[in-house]
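Beneath this line is the structure, given in structure tokens, with notes to follow.
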Amino acid sequence: MSRASNYYIMALIHLFLLANHLPTVLDALIFDICGEHSDRERAILMMKLSVPQNIASAVGPYLALQVFFLISANAHMSLLMCGLLHLILILPILFFFIPPRDNQSRTASYLPSINDYMEMVNDHNIRWCLIFLMLVAAPYSAYDQILRLRLSTFMLFDISEMGKLALISGICALLGNFCILPLMQTRFGPQTLIKLSFTILFIGYIFLSRVSDYSFILIGMPIQMVAVCTASGQLATQIFAHVARRNMGKAAALNRATQLLASVFAPLLSSFLMSARETTTTICYVCAAISLLAILLVHYYGSFMKIHPQYLPTQLYNEKTT
Numbered sequence: 001m002s003r004a005s006n007y008y009i010m011a012l013i014h015l016f017l018l019a020n021h022l023p024t025v026l027d028a029l030i031f032d033i034c035g036e037h038s039d040r041e042r043a044i045l046m047m048k049l050s051v052p053q054n055i056a057s058a059v060g061p062y063l064a065l066q067v068f069f070l071i072s073a074n075a076h077m078s079l080l081m082c083g084l085l086h087l088i089l090i091l092p093i094l095f096f097f098i099p100p101r102d103n104q105s106r107t108a109s110y111l112p113s114i115n116d117y118m119e120m121v122n123d124h125n126i127r128w129c130l131i132f133l134m135l136v137a138a139p140y141s142a143y144d145q146i147l148r149l150r151l152s153t154f155m156l157f158d159i160s161e162m163g164k165l166a167l168i169s170g171i172c173a174l175l176g177n178f179c180i181l182p183l184m185q186t187r188f189g190p191q192t193l194i195k196l197s198f199t200i201l202f203i204g205y206i207f208l209s210r211v212s213d214y215s216f217i218l219i220g221m222p223i224q225m226v227a228v229c230t231a232s233g234q235l236a237t238q239i240f241a242h243v244a245r246r247n248m249g250k251a252a253a254l255n256r257a258t259q260l261l262a263s264v265f266a267p268l269l270s271s272f273l274m275s276a277r278e279t280t281t282t283i284c285y286v287c288a289a290i291s292l293l294a295i296l297l298v299h300y301y302g303s304f305m306k307i308h309p310q311y312l313p314t315q316l317y318n319e320k321t322t
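Using the UniProt record's numbering, you'd call the opening residue of the sequence shown number 1 and step up by one each time.
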């Protein structure tokens, strides 16, 4: 990737991350190693895993800035360094610490393969949930990347102002996942809740297309974040509700891979609009149109989402199959 000079080649290389994205692999790995009935052990492992992930999320941008200012401002150099670090750090961990399955060779490990996901993708309900999830993540990711590009010069001169946007968006993401989503799940059904989220996204994109002042962006982006968290969380619940308990880990990995796929195609969407006179305004209109289309799709093809969300996903599946 560090030698790729064409955007389409880089996008093609990014597609390999769908099966090899490490957080995606870990989601499936934890569920597979712990087994179907080790909920407590699985929760402890996921909590422990969140600690280094959060540290990496904080340290990563800092190290990237140090590389930018002290070593090289070339993006190819950063990609090359990331690739070398993965070879040095990740491959030994995968080879020496991933256990083999019981009474089998090391080649038969717990790591999931592409074939493990095909049964779930072929399910009609799960497939539509993944499509809805793509319609949530791709427009938001495209707008977020365009906004970062637009504000990049401003960030170099006043990092604290960009920090405000990141802080407010992060707080809204936490509120959306832990407060707003559980509260709304007690009042609305899944299909209604997802349509409401897409409606908020539609209104939010229209609002952001009409404003250019940074203070209004501080209002619009957090609202978008809450809507994205609400829709993504509800769709994840629906995905888990339609899989067997033994496939929970693979469902979590498939959910993450879909969002990763959305982030891959987001630059493709934005690249077609880079020559437009008002790129941010144009992409807001495109994202609003996608959200409006998503509302119609959820209305006509999301009628299967009638399972009451107050139950656990495993209970939902057991009730559905008995």
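By construction, the Cβ of each residue, glycine as well, lies at the ideal position given by its N, Cα and C atoms. On a predicted model such as this, the values are computed, not experimentally measured, just so you know.
Exercise for the section: Using beta-carbon positions only, say whether residue 326 and ALA227 come within less than 8 Å of one another. Expected result: Outside the shown range of the chain (1 to 322) lies residue 326, about which nothing can therefore be said.
Practice task
On a CA-only basis, which of ALA257, VAL67, TYR300, PRO92 is nearest MET81? Give me that one, please.
Solution key: As a working mapping, residue 81 is identified with position 81 in the sequence shown. Here the closest residue by C-alpha is VAL67.
Problem - Collapsed DSSP secondary structure at SER212 in the structure displayed - result: Counting from one through the sequence shown, the residue named residue 212 turns up at place 212. DSSP places SER212 in coil when its eight states are reduced to three.
Handout entry: Closer than 8 Å to chain C by CB, LEU89
Key = In summary, chain C is missing from the structure at hand, where a single protein chain is found.
Practice task
Closer than 6 Å by C-beta to TYR205: which residues in its own chain qualify, once you throw out the five before and the five after it? Chain order, please.
Solution key: Within the sequence shown, the letter at position 205 stands for residue 205. Contacts found: CYS284, CYS287, ALA288.
Exercise for the section: Could you check the C-alpha separation between GLY233 and LEU218 for me, to the nearest Å? Expected result: Taking the sequence shown and counting its residues from 1, the one referred to as residue 233 is at position 233. Taking the sequence shown and counting its residues from 1, the one referred to as residue 218 is at position 218. Rounded to the nearest whole angstrom, the C-alpha separation of GLY233 and LEU218 is 23 Å.
Exercise for the section: Could you tell me the distance, in whole angstroms, from the CA atom of SER303 to the CA atom of LEU94? Expected result: Stepping through the sequence shown from its first residue, residue 303 is reached at position 303. Stepping through the sequence shown from its first residue, residue 94 is reached at position 94. Our two residues, SER303 and LEU94, have alpha carbons roughly 42 Å apart in a direct line.
Handout entry: Three-state class that DSSP yields for ARG187 in the structure shown
Key = Position 187 of the sequence shown, counted from the first residue, corresponds to residue 187. Reduced to three states, the DSSP call for ARG187 is coil.
Practice task
Identify, in the order they occur along the chain, each residue of the same chain with its Cβ nearer than 6 Å to the Cβ of GLN224, setting aside the five sequence neighbours on each side.
Solution key: Numbered from 1 along the sequence shown, position 224 holds the residue referred to as residue 224. If we look at GLN224 and ignore the five residues flanking it on each side, its Cβ neighbours are GLY204.
Problem - Contacting residues, own chain, Cβ-Cβ under 6 Å from residue 323 (five flanking each side not counted) - result: The requested residue 323 is not part of the displayed model; the chain covers only 1 to 322.
Handout entry: Where MET221 sits in the DSSP three-state scheme
Key = Counted from its first residue, the sequence shown places residue 221 at position 221. Helix at MET221.
Exercise for the section: Would you check if there are 3 or more beta carbon pairs closer than 8 Å linking the stretch 121-141 to the stretch 241-260? Expected result: Yes, the stretch 121-141 is in contact with the stretch 241-260.
Problem - Buried/exposed call for ALA253, threshold 16 Cβ in 10 Å - result: To locate residue 253, count along the sequence shown from 1; it is residue 253. Using a 10 angstroms sphere on the CB of ALA253, the tally of other CB atoms reaches 16 or more, which defines it as buried.
Exercise for the section: From the DSSP output, in three-state form, read off ALA108 for me. Expected result: Within the sequence shown, residue 108 is the residue found at index 108, counting from 1. Per-residue confidence for ALA108 stands at a pLDDT of 48, beneath the threshold of 50, marking its modelled position as unreliable; no derived number is given.
Problem - Neighbourhood of LEU130 by C-beta, 6 Å cutoff - its chain only, sequence neighbours within 5 removed - result: The residue labelled residue 130 in the question sits at position 130 within the sequence shown. Cβ neighbours of LEU130 within its own chain (closer than 6 Å, five residues either side excluded): THR258.
Practice task
Tell me whether LYS306 sits in a helix, a strand or coil according to DSSP, three-state version.
Solution key: Within the sequence shown, numbered from 1, the residue matching residue 306 stands at position 306. DSSP places LYS306 in coil when its eight states are reduced to three.
Exercise for the section: Compute the distance between the beta-carbons of GLN238 and PRO190, then report whether it is under 8 Å. Expected result: In the sequence shown, residue 238 corresponds to position 238, counting from 1. In the sequence shown, residue 190 corresponds to position 190, counting from 1. Yes, they are a contact pair.
Exercise for the section: Using beta-carbon positions only, say whether ILE141 and ALA262 come within less than 8 Å of one another. Expected result: For the purposes of this step, residue 141 is taken as residue 141 along the sequence shown, with counting starting at 1. For the purposes of this step, residue 262 is taken as residue 262 along the sequence shown, with counting starting at 1. With the sequence shown as reference, residue 141 is identified as Ser, and Ile is not the correct amino acid for it. Taking 8 Å as the cut-off, the Cβ atoms of SER141 and ALA262 count as close.
Exercise for the section: Pull up the distance between the alpha-carbon of LEU193 and that of MET184, whole angstroms please. Expected result: Sequence index remark: in the sequence shown, residue 193 carries index 193 (1-based). Sequence index remark: in the sequence shown, residue 184 carries index 184 (1-based). Rounded to whole angstroms, LEU193 to MET184 spans 7 Å at the Cα level.
Handout entry: ALA108 classed as buried or exposed, judged by whether at least 16 other C-beta atoms fall within 10 angstroms
Key = Taking the first residue of the sequence shown as position 1, residue 108 is located at position 108. With a pLDDT of 48 at ALA108, under the threshold of 50, the predicted position of this residue should be treated as unreliable, though the coordinate-derived value follows. Label assigned to ALA108: exposed.
Exercise for the section: Work out the CA separation of ILE30 and LEU249 for me, nearest whole Å. Expected result: Residue mapping note: residue 249 aligns to position 249 of the sequence shown, counting from 1. Residue mapping note: residue 30 aligns to position 30 of the sequence shown, counting from 1. Per the sequence presented here, residue 249 reads as Gly, with Leu not at that position. Approximately 7 Å, taken between the alpha carbons.
Handout entry: Residues near ALA137 by beta carbon distance below 6 Å, same chain, minus five either side
Key = In the sequence shown, residue 137 corresponds to position 137, counting from 1. These residues qualify, in order along the chain: GLN259, ALA262.
Exercise for the section: Enumerate in chain order the residues of its own chain whose CB-to-CB distance from VAL121 is below 8 Å, with the five nearest sequence positions on each side excluded. Expected result: The residue given as residue 121 occupies position 121 in the sequence shown. Same-chain partners within the cutoff: ARG127, LEU130, LEU254.
Exercise for the section: Would you kindly work out how many angstroms separate the C-alpha atoms of PHE198 and SER215, rounded to a whole number? Expected result: Counted from its first residue, the sequence shown places residue 198 at position 198. Counted from its first residue, the sequence shown places residue 215 at position 215. Rounded to whole angstroms, the gap between the alpha carbons of PHE198 and SER215 is 24 Å.
Handout entry: Of the listed residues PHE202, MET118, CYS229, nearest to ASN247 (C-alpha basis)
Key = Residue numbering aside, residue 247 sits at position 247 when the sequence shown is read from its first letter. In terms of Cα proximity to ASN247, the closest of PHE202, MET118, CYS229 is MET118.
Handout entry: Alpha-carbon spacing of ARG277 relative to HIS299, whole angstroms
Key = For the purposes of this step, residue 277 is taken as residue 277 along the sequence shown, with counting starting at 1. For the purposes of this step, residue 299 is taken as residue 299 along the sequence shown, with counting starting at 1. At ARG277 the pLDDT is 47, less than 50, meaning the model places this residue with poor confidence and gives no usable figure here.
Handout entry: Close Cβ partners of PHE207 (< 7 Å) along its chain, the five nearest in sequence each way excluded
Key = Counted from its first residue, the sequence shown places residue 207 at position 207. Same-chain partners within the cutoff: GLY220.
Handout entry: Status (buried if at least 16 other CB within 10 Å, exposed otherwise) for THR186
Key = One-based indexing of the sequence shown puts residue 186 at position 186. The residue is exposed, with fewer than 16 neighbouring Cβ atoms inside 10 Å.
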